[in-house]
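Report on the following structure.
In the working numbering, the protein residues as written are 2 to 94.
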């Protein structure tokens, strides 16, 4: 599974539940006919937007500062927690 946020999982769960439970249960003929088309359209749309974002942002030498992609913001998070290990700038245990 690719790295994703909670929002990604929520979207996947909602779309999966709608198509694989409700539409399958109540509109089985429509599901049999169009489920793979909808799946392919969602995959193609994701790929198209990935390519579009790549070219529009890199050609202008710009980037997006996504939330959560900057890593840990606490300076002490990279300090070792093992007793007896001393690193300059980190509290000793």
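Just so it is clear, CB atoms sit at the ideal spot from N, CA and C, and this is done for glycine as well.
Bear in mind the structure is a predicted one, so any value in this text is a computation, not a measurement.
Report all residues from its chain with a CB closer than 8 Å to the CB of residue 30; omit the five preceding and five following residues, and keep chain order. none
For residue 12, tell me which candidate among 52, 43 and 90 has the shortest Cα-Cα distance. 43
I need the DSSP call for residue 34, collapsed to helix, strand or coil. helix
Suppose you measure from the CA of residue 75 to the CA of residue 86; what does that come to, to the nearest Å? 19 Å
Going by beta carbon distance, what residues of the same chain come within less than 7 Å of residue 14, once the five residues before and after it are set aside? none
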